[in-house]
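A quick write-up on the structure given underneath.
Protein chains: 2
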Amino acid sequence: MSDARDTLFRYLTLLQLIPRSPGRISTPVLKEKLAERGFHIDTRSLQRDLGQKLSTQFPIGCDDSQKPYRWYFDRAFQCHLPALDVPSALTLVLAEEYLKGLLPPVVVGQLTPHFNDARQLLDGMASNGLSKWARCVRAIPNGKALIPAELDEAIWQTVAEALLEQKAIDVMYLSRTSETEKPLTLHPQGIVSRHSATYLLAHVDGFEDLRQFALHRVKHAAFSQRAWQARDDFDIDRYIQSGAFGYRQGPDNVVLEAEIARPVAWLLQETPLSEQQTIEALPGSQWYRLTAQVPDDQQTLWWLMGMSTNVKVLAPSAWRETLKANAAQVLAHYQDTPDTCDMH
Amino acid sequence: MSDARDTLFRYLTLLQLIPRSPGRISTPVLKEKLAERGFHIDTRSLQRDLGQKLSTQFPIGCDDSQKPYRWYFDRAFQCHLPALDVPSALTLVLAEEYLKGLLPPVVVGQLTPHFNDARQLLDGMASNGLSKWARCVRAIPNGKALIPAELDEAIWQTVAEALLEQKAIDVMYLSRTSETEKPLTLHPQGIVSRHSATYLLAHVDGFEDLRQFALHRVKHAAFSQRAWQARDDFDIDRYIQSGAFGYRQGPDNVVLEAEIARPVAWLLQETPLSEQQTIEALPGSQWYRLTAQVPDDQQTLWWLMGMSTNVKVLAPSAWRETLKANAAQVLAHYQDTPDTCDMH
DNA sequence: AGTGCTGCGACAATGTAAGCCGCATAAAGC
DNA sequence: GCTTTATGCGGCTTACATTGTCGCAGCACT
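These protein sequences, in sequence, are chains B and V. Position one of the first sequence corresponds to residue 944 (our numbering), numbered consecutively onward. Position one of the second sequence corresponds to residue 944 (our numbering), numbered consecutively onward.
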């Protein structure tokens, strides 16, 4: 774009081209990339920019162990333009609280520079006003927080890049059934993060069918020589709804009718089950009548199950039956084995 | 800090001082803030920087309806130094997918410039390689996603700022019980986001006890004249664990023992319930034996309830009894009202 | 040893930044 | 209605910064 001889803008472009610390970029490559963007400058100028101007003002490092020097940004550095405002910073902190329970630590770690920036800003305020933000913001996750699966940082990076740049990858995969590591060549098609585990959707080289690979069972990943095989008919939403992750779901919504206890009524008034939802008080009791259009999926059924005695489902009858059968089965479980092991 | 006469650095500082669009900053104020940071420049230079240099290269606007001109950044603009890498961008997209179901739209909206940045980067890649990132990344939330409560942007901003800068606020609050709006003066102490609703912990002016205020029931908020009342004995974690959000929890962990079905065993092997967890196959069946140290809280109990027939709890006996009683009660519910309304 | 790549110091020509001044405009005060 | 004050803006000048060029020095590879 701009071939304006603006030095400021060239500096900024330069700063944007230097990757964060695990990454590196060499001087000649930088020169080339700058040229691509319309900055045709002499190598010497670039060297001066890096070595004398930028590296004195920014946390920029230089790996001079090999001759085309490699430049990189400090791992923790982050700078936003415009600067973060207070509400945004607080939102970031909240977001981090939530995400820590949802994504593998490494993946959240990918964003630490951003979160650090927010924390720094809030800490800075704290030093004046003494508001200890860390002590006044919490996120309570939805449902039981399982511990996110461990995941190697390099693997996440490789897989993410392969998926987006449409490359095939060679992996060592620890099969769930056989407990042995197998080398595979995969053609990534999608990533699904469910609860606390993250899965790669891909098909194995030479095969046509799509399979799921838990990322934390990938032990090694590298870009492959093989060309990436496309599947243009692939639709991730259709794939998920087809039941691949245990969330089989009818194509249409169903109308849920139920009687709900007062606390549940309050909850649903504030955070509704769906856009179409009505709640009416049932005269002469603490109960309410709920009607809502909800998806016909496992999630909703689980939610109803968790509400246990606080919700009486009236329709659809299939759910009613499922819940009833479930309760009967659970009860049977516990009556089969009487409480001989009571430890009280 | 740096009184280095570096123009680049001054430009950057300047850019950081200009707020995003709802915000505005006037030229004299900018001059003052720059001086605070060690940049003592002539007003004329500042004017030139803004009007001729920056505003041609950046999406910066100027409100010249009143005489000290007011400057602001384009609402959607975001620039990171160093630029986002591909894995980070993908992580941001994933994070947004999750957060959309967890935080009020307005709060997530606070971060849209960040997410936009990521999307832009990925879109840029797509135009080359045609990898439609939007079609290959999904997050499946944990548990039933209720619709996050509506919340006004200005209210979130006011509350966040008040909390962090320790100011009291005047609000109009829609009481849950009386259905009427009441004016209150609050002294914010904390924010808790639970599931899809966000609560302000504060005490009412003149009272000592802490109360929760659902942010979506706050209809109006403004900074108050009154001085903020501190409560230095306040500990948000203790407050939550004391049961304030329906998550009463014993102080100690308990040892959960249970028999679990094969799919659950797989799930827990990948995303454990806790750090201390063992799973052993039970010979001659598809069942496994689980032992885990878990917190004694409602969440865990709910999770067990949701697993229904796939988990048979052996200990602690209190949970066993609870689950059993629950099942009995649910069953009773449905048998009280026989299936006369079956619609099949 | 020769060749090519890279980094670096020096230098001169060019370009630019920034203070200063004066003028124009608009709002506030008398 | 006129002055005062605050701000924006164009132009001028100078000191200073930027940048291409050159020469030299390591270093790797041949």
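Every residue gets a Cβ at the ideal spot worked out from N, C-alpha and C, and that includes glycine.
Item, Value
"Can you name, in chain order, every residue of its own chain whose Cβ lies under 6 angstroms from the Cβ of B/Tyr1012, other than the five neighbours on each side?", "Thr970, Cys1005"
"What number of angstroms, rounded off, separates the C-alpha of V/Ile1098 from the C-alpha of B/Ser1031?", "13 angstroms"
"Looking at the strands, I want to know which residues DSSP matches up with V/Lys1125.", "V/Tyr1116"
"As a quick exercise: from V/Phe952, V/Thr1243, V/Val1254, pick the residue whose alpha carbon is nearest that of B/Lys1299.", "It is not possible to answer for residue 1299 of chain B, since the shown part of chain B is limited to 944 through 1287."
"Just how far apart, CA to CA, sit B/Glu920 and B/Leu960?", "Residue numbering for chain B in the displayed model covers 944 to 1287; residue 920 of chain B lies beyond these limits and cannot be assessed."
"List, in order along the chain, the chain V residues whose C-beta lies closer than 7 angstroms to that of B/Lys1267?", "Leu1274, Tyr1277"
"Taking a contact to mean a Cβ-Cβ separation below 9 angstroms, would you say V/Leu1045 touches V/His983 in this structure?", "no"
"At a Cβ threshold of 9 angstroms, is B/Pro1048 touching chain V?", "no"
"How far does the alpha helix (DSSP H) with V/Ile1098 in it extend, from its first residue to its last?", "1096–1108"
"Using a 10 Å radius around the Cβ and a threshold of 16 neighbouring Cβ atoms, would you call V/Gly981 buried or exposed?", "exposed"
"Just to confirm the assignment, what range does the beta strand (DSSP E) spanning V/Pro1238 have?", "1230–1240"
"CA-CA distance, B/Leu1089 and B/Ser1136?", "13 angstroms"
"Please decide whether B/Ser1251 counts as near chain V, where near means a Cβ-Cβ distance under 9 angstroms.", "yes"
"Hey, is the stretch 1100–1113 of chain B in contact with the stretch 1055–1070 of chain B, meaning 3+ C-beta pairs nearer than 8 angstroms?", "no"
"Quick test of the definition: if touching needs 3 or more C-beta pairs under 8 angstroms, does the stretch 1019–1035 of chain V touch the stretch 1102–1116 of chain B?", "yes"
"Any beta carbon from chain V within less than 9 angstroms of B/Phe1016's own beta carbon?", "yes"
"Of the residues that make up the stretch 1233–1252 of chain V, which ones have a beta carbon closer than 8 angstroms to any beta carbon in chain B?", "Gln1242, Thr1243, Trp1245, Trp1246, Met1248, Gly1249, Ser1251, Thr1252"
"Taking its Cβ as the centre, do 16 or more other Cβ atoms sit within 10 Å of V/Ser1118, making it buried, or is it exposed?", "exposed"
"Go through its chain and collect everything with a Cβ distance to B/Asp1195's Cβ below 8 angstroms, but skip five positions before and after it.", "Asp1239"
"Determine the extent of the alpha helix (DSSP H) in which B/Phe952 is found, giving its start and end residues.", "950–960"
"Give a yes or no on whether the C-beta atoms belonging to V/Leu1267 and B/Gln1278 are separated by under 9 angstroms.", "Per the sequence shown, residue 1267 of chain V should be read as Lys rather than Leu. Cβ atoms of V/Lys1267 and B/Gln1278: closer than 9 angstroms."
"Please check the pair V/Leu1233 and V/Glu1200, which I expect to be a contact at CB under 8 angstroms, by giving their CB distance rounded to whole angstroms.", "7 angstroms"
"With 9 angstroms as the limit, tell me which residues of the stretch 1021–1032 of chain V have their beta carbon closer than that to any beta carbon of chain B; keep them in chain order.", "Gln1021, Cys1022, His1023, Leu1024, Pro1025, Ala1026, Asp1028, Val1029, Pro1030, Ser1031, Ala1032"
"From the beta carbon of B/Thr1123, is the nearest beta carbon of chain V less than 9 angstroms away?", "no"
"Go ahead and pull the three-state DSSP assignment for V/Ala1170.", "coil"
"To which residues of the same chain is V/Ala1082 closer than 6 angstroms at the C-beta, ignoring the five residues directly before and after it?", "Leu1037, Glu1040, Tyr1041"
"Determine, using beta carbons only, whether V/Leu1094 and V/Pro1131 come nearer to each other than 9 angstroms.", "no"
"Could you tell me whether the Cβ atoms of B/Leu958 and V/Leu1065 are closer together than 9 angstroms?", "no"
"Let me see if you follow: with CB-CB separation under 9 angstroms, is V/Trp1076 close to chain B or not?", "yes"
"May I have the straight-line CA-CA distance separating B/His1146 from B/Leu1107, to the nearest angstrom?", "15 angstroms"
"Identify which residue in V/Gly1149, V/Arg963, V/Ala1140, V/Thr999 has its Cα closest to the Cα of V/Gln1155.", "V/Ala1140"
"Secondary structure at B/Glu979, three-state DSSP: helix, strand or coil?", "helix"
"Among the candidates V/Asp949, V/Gln1021, V/Arg991, whose CA atom is the shortest distance from the CA of B/Phe1001?", "V/Asp949"
"Given this structure, state the Cα-to-Cα distance separating V/Arg991 from B/Tyr1116, to the nearest angstrom.", "59 angstroms"
"In the DSSP assignment, find the alpha helix (DSSP H) that holds V/Leu1033 and state where it starts and stops.", "1029–1043"
"Report all residues from its chain with a CB closer than 6 angstroms to the CB of V/Ser1185; omit the five preceding and five following residues, and keep chain order.", "none"
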